[in-house]
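Visitor: Using numbering that gives the first Met the number 0, the first residue of the sequence shown is number 0, and each one after it goes up by one.
Can you read through this structure? Questions will come right after.
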Amino acid sequence: MKKQILKIMFLAAEAEPFIKIGGLGDVAGSLPHALRALASSFTPKLELDIRLVIPFHGAIQRQTLDLHTVGNFTVAHAEGPIPGNALMTEINGLPVYLISGAPIPRDAAVYSEDTAIDGHKFTFFSLAALELAKMLDWQPDVIHANDWHTAPAIYAVKALPDPFFNFTATLLGLHNLPFMGENAGPAMEAFGLPPANDSALPWWAQSMPLPLGLLTADHIVAVSPTYAREILTYEHGAGLHEFLALHQKKISGILNGIDTLLWNPQTDQAIAANFDTTCLDARNANKTALASEFDLDPNLPLLAMVTRFDHQKGVDLIPVALRLLQKEKWQLIILGAGTPELEEEICSLESQFPKRFRAAIRFDALLSRRIYAGADILLIPSRYEPCGLAQMIAMRYGCVPVARSTGGLRDTIKDHNAQFKSGFLFPKTTSRALSATIRRALTAFEKKETWKEIQHNGMRQDFSWENSARQYIQLYQSMLKTP
Ligand code: ADP
Numbered sequence: 000m001k002k003q004i005l006k007i008m009f010l011a012a013e014a015e016p017f018i019k020i021g022g023l024g025d026v027a028g029s030l031p032h033a034l035r036a037l038a039s040s041f042t043p044k045l046e047l048d049i050r051l052v053i054p055f056h057g058a059i060q061r062q063t064l065d066l067h068t069v070g071n072f073t074v075a076h077a078e079g080p081i082p083g084n085a086l087m088t089e090i091n092g093l094p095v096y097l098i099s100g101a102p103i104p105r106d107a108a109v110y111s112e113d114t115a116i117d118g119h120k121f122t123f124f125s126l127a128a129l130e131l132a133k134m135l136d137w138q139p140d141v142i143h144a145n146d147w148h149t150a151p152a153i154y155a156v157k158a159l160p161d162p163f164f165n166f167t168a169t170l171l172g173l174h175n176l177p178f179m180g181e182n183a184g185p186a187m188e189a190f191g192l193p194p195a196n197d198s199a200l201p202w203w204a205q206s207m208p209l210p211l212g213l214l215t216a217d218h219i220v221a222v223s224p225t226y227a228r229e230i231l232t233y234e235h236g237a238g239l240h241e242f243l244a245l246h247q248k249k250i251s252g253i254l255n256g257i258d259t260l261l262w263n264p265q266t267d268q269a270i271a272a273n274f275d276t277t278c279l280d281a282r283n284a285n286k287t288a289l290a291s292e293f294d295l296d297p298n299l300p301l302l303a304m305v306t307r308f309d310h311q312k313g314v315d316l317i318p319v320a321l322r323l324l325q326k327e328k329w330q331l332i333i334l335g336a337g338t339p340e341l342e343e344e345i346c347s348l349e350s351q352f353p354k355r356f357r358a359a360i361r362f363d364a365l366l367s368r369r370i371y372a373g374a375d376i377l378l379i380p381s382r383y384e385p386c387g388l389a390q391m392i393a394m395r396y397g398c399v400p401v402a403r404s405t406g407g408l409r410d411t412i413k414d415h416n417a418q419f420k421s422g423f424l425f426p427k428t429t430s431r432a433l434s435a436t437i438r439r440a441l442t443a444f445e446k447k448e449t450w451k452e453i454q455h456n457g458m459r460q461d462f463s464w465e466n467s468a469r470q471y472i473q474l475y476q477s478m479l480k481t482p
């Protein structure tokens with residue numbers, strides 16, 4: 000018989016509305032709510048006791064939160080136990096715990112350039128989350144950790160057996176395989192987590208948090224069905240494809256959703272004019288406002304990018320692609336920040352294309368909304384994309400994606416379906432393939448009715464969490480360990 004109270008401990012390095020750096024923040028901020036909403040609609044009612052645990056990063060604004068002290072604990076360390084502290088708040092009924100301690104300094108960025116420092120911070124956080132569960136005397140049925148930062152919690156449940164977690168199953172959400180927590184090995188060892196001794200795991204991965212989590216998790220969820228298959232290949236397996244193939248039975252792919260209340264062009268307060276599929280023309284006011292903000296022409300096609308500047312995102316393909324498109328009519332706004340060399344390269348395009356290229360080098364959540372609502376086309380030339388949220392948000396806002404056919408981009412953008420087209424995909428990570436596909440999109444853009452239909456199709460696709468939340472609940476239930 001299926002259990003009627005499911006206790007899930009959801010661990011993440013970042014979560015909206017507390018702190019968001021990238022898609023993980025969106026997911027950790029919205030999936031637990033979606034799971035609660037879905038569980039309450041079950042008949043018979045499923046009681047889901049899901050609790051989110053995140054580090055109390057310095058950038059989290061303490062003043063705006065109604066925080067309660069939960070208690071103090073210590074985390075064992077080679078140099079002596081490290082004190083930790085948990086505070087708690089609630090977001091729409093979801094209990095959220097914020098963990099503090101010396102390894103999570105209030106004056107440090109969420110992620111450091113130095114992965115050894117992050118190794119110390121996030122291993123402490125992962126083990127502190129386990130201590131928190133014990134302090135609360137709350138035995139989770141499933142620990143749902145995400146990415147390398149919280150993978151040590153999964154490894155610890157196996158490597159440091161504790162009767163308290165005898166009936167706790169572990170699930171590792173895989174949002175970005177190549178980020179494995181390089182250089183975190185010494186920190187893990189200092190916290191009592193030794194390297195693995197498993198011959199299937201490549202030697203270089205035996206002391207990294209993510210591979211250790213992948214090795215010991217009861218189940219692994221990649222954030223899209225295509226990514227779940229891609230990680231088994233040489234191209235996308237980041238050196239772990241053979242190891243992952245051996246564990247294929249415990250890997251599945253569940254597509255991320257977006258919070259359709261937070262991302263809603265009908266109600267978004269950050270944009271010049273609200274709109275939906277029944278009044279798509281109202282969207283034009285957003286394009287006019289965006290063009291005026293960047294001193295561009297509202298009558299020409301407006302392309303955009305909203306992205307981290309990272310090799311993964313294919314930002315480096317842009318300069319040559321634009322040169323190949325010299326003769327076409329386009330304008331482009333890029334909002335993003337990250338690798339300094341990429342920032343410099345993208346900024347230099349402003350002098351090469353002074354009338355039609357603009358770079359906004361920063362993280363700017365409100366500008367991202369104005370872009371999704373006002374640009375015609377969003378470029379996503381990613382080398383790999385485990386799921387990707389930008390394309391879903393863009394489609395919901397009537398901004399048509401031109402994207403590399405990989406991972407979640409491939410699962411969410413319909414290009415070659417004659418009856419239902421919502422965007423444009425290209426197979427190869429080259430500037431030439433990107434420019435050819437932009438040209439294809441620009442040609443379609445000229446045919447106003449065709450374009451409207453593509454926009455409508457994107458806006459009508461269901462990107463809500465409901466479907467995926469259902470799959471997670473089924474998965475949690477299938478993983479339960481009964482006494
Ligand atoms: P990733 O998690 O790999 O960065 P996703 O597409 O999954 O990529 O999610 C990115 C999220 O971060 C989206 O919500 C996107 O709007 C947002 N984002 C990325 N860069 C910026 C930026 N410079 N300013 C504002 N929002 C950004």
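Every residue, glycine too, gets a C-beta built ideally from N, C-alpha and C.
Within the present structure, is the beta-carbon of THR306 separated from the nearest heavy atom of the ligand ADP by less than 8 Å?
Guide: Yes, since a heavy atom of the ligand ADP falls inside the 8 Å radius drawn around the Cβ of THR306.
Visitor: Kindly examine the ligand ADP and report whether one of its heavy atoms sits closer than 8 Å to the Cβ of PHE164.
Guide: no
Visitor: Please state whether the Cβ-Cβ distance between ALA150 and LEU171 is less than 9 Å.
Guide: yes
Visitor: Starting from TYR154, trace the alpha helix (DSSP H) both ways and give me its first and last residue.
Guide: 146-158
Visitor: Just checking my contact of LEU209 with GLY180 at CB under 8 Å: how many whole Å lie between their CB atoms?
Guide: Separation of the CB atoms of LEU209 and GLY180 is rounded to 5 Å, and the pair is thereby assigned contact status at 8 Å.
Visitor: State the Cα-Cα distance for the pair ALA432 and ARG50, rounded to the nearest angstrom.
Guide: Using only the alpha carbons, I get a separation of about 44 Å.
Visitor: Rounded to the nearest angstrom, what separates ASP294 and TRP329 at their Cα positions?
Guide: 14 Å
Visitor: Compute the beta-carbon to beta-carbon distance between ILE376 and VAL399, rounded to the nearest angstrom, for a pair I have assumed lies under 8 Å.
Guide: 5 Å
Visitor: Answer with buried or exposed for MET0, where buried requires no fewer than 16 other C-beta atoms within 10 angstroms of its C-beta.
Guide: For MET0, the predicted model reports a pLDDT of 46, less than 50, meaning its position is unreliable; a value from the coordinates is still stated below. MET0 is exposed by the Cβ-count criterion.
Visitor: Out of ALA443, GLY407, ARG282, point me to the one whose CA is closest to TYR396's CA.
Guide: ARG282
Visitor: Output the distance between the C-alpha atoms of HIS143 and HIS174, rounded to the nearest integer angstrom.
Guide: 13 Å
Visitor: Quick one: what's GLY83 bridged to in DSSP?
Guide: PHE72, GLY100
Visitor: Between ASP375 and the ligand ADP, is there a pair consisting of the residue's CB and a ligand heavy atom that are separated by less than 8 Å?
Guide: no
Visitor: Hey, out of PHE190, GLY100, LYS133, whose CA is closest to ALA77's CA?
Guide: PHE190
Visitor: State the start and end residues of the unbroken alpha helix (DSSP H) segment that holds SER29.
Guide: 22-39
Visitor: Quick check on ASN285: buried or exposed, where buried means 16 or more other Cβ atoms within 10 Å of its Cβ?
Guide: buried
Visitor: Since I believe ILE360 is in contact with GLU342 (beta carbons under 8 Å), could you give me their beta-carbon distance rounded to a whole number of angstroms?
Guide: Confirmed, Cβ separation roughly 5 Å.
Visitor: Rounded to the nearest angstrom, what separates TRP262 and ASP280 at their Cα positions?
Guide: 19 Å
Visitor: Give the DSSP bridge partners of LEU378, in chain order.
Guide: VAL401
Visitor: For LYS19, count neighbouring Cβ atoms within 10 angstroms of its own Cβ and tell me buried if that reaches 16, exposed if not.
Guide: buried
Visitor: According to DSSP, simplified to helix, strand and coil, what is MET0?
Guide: Confidence at MET0 is low in this model, with a pLDDT of 46, below 50, so the placement of that residue should be treated as unreliable; the coordinate-derived value is given next. Here MET0 sits in coil by DSSP.
Visitor: Name the two residues that bound the continuous alpha helix (DSSP H) containing LEU341.
Guide: 339-351
Visitor: For the alpha helix (DSSP H) containing ARG459, name the first residue and the last one.
Guide: 447-459
Visitor: Would you mind reading off the limits of the alpha helix (DSSP H) that contains ILE250?
Guide: Premise fails: ILE250 lies in the beta strand (DSSP E), 250-252, not in any alpha helix (DSSP H).
Visitor: Pair every Cβ in the segment 320-327 with every Cβ in the segment 400-407, then say whether three or more of these pairs are closer than 8 Å.
Guide: In this structure the segment 320-327 does not lie against the segment 400-407, because fewer than three pairs of beta carbons, one per stretch, are closer than 8 Å.
Visitor: What would DSSP say about SER463, mapped onto helix, strand or coil?
Guide: coil
Visitor: Skipping 5 residues on each side, what residues in its chain have a beta carbon closer than 8 Å to that of GLU188?
Guide: Result list for GLU188: ALA77, PRO194, SER206, in chain order.
Visitor: Please find out if some non-hydrogen atom of the ligand ADP comes closer than 8 Å to the beta-carbon of ASP267.
Guide: no
Visitor: Note down the Cα distance separating LYS486 from THR114, rounded to an integer number of angstroms.
Guide: Since the first residue of the chain shown is 0 and the last is 482, residue 486 is not available in this structure.
Visitor: Does DSSP classify MET207 as helix, strand or coil?
Guide: coil
Visitor: Taking the beta strand (DSSP E) that ILE219 belongs to, which residues open and close that run?
Guide: Segment 218-221, the beta strand (DSSP E) holding ILE219.
Visitor: Would the segment 296-316 and the segment 421-437 be scored as touching if the rule is three or more Cβ pairs under 8 Å?
Guide: yes
Visitor: Under a three-way DSSP split, which group does THR277 fall into?
Guide: helix
Visitor: If you run the structure through DSSP and keep just helix, strand and coil, what is ALA269?
Guide: coil
Visitor: Using a Cβ-based criterion (distance less than 8 Å to any ligand heavy atom), does GLN390 qualify as near the ligand ADP?
Guide: At least one heavy atom of the ligand ADP falls within 8 Å of the beta-carbon of GLN390.
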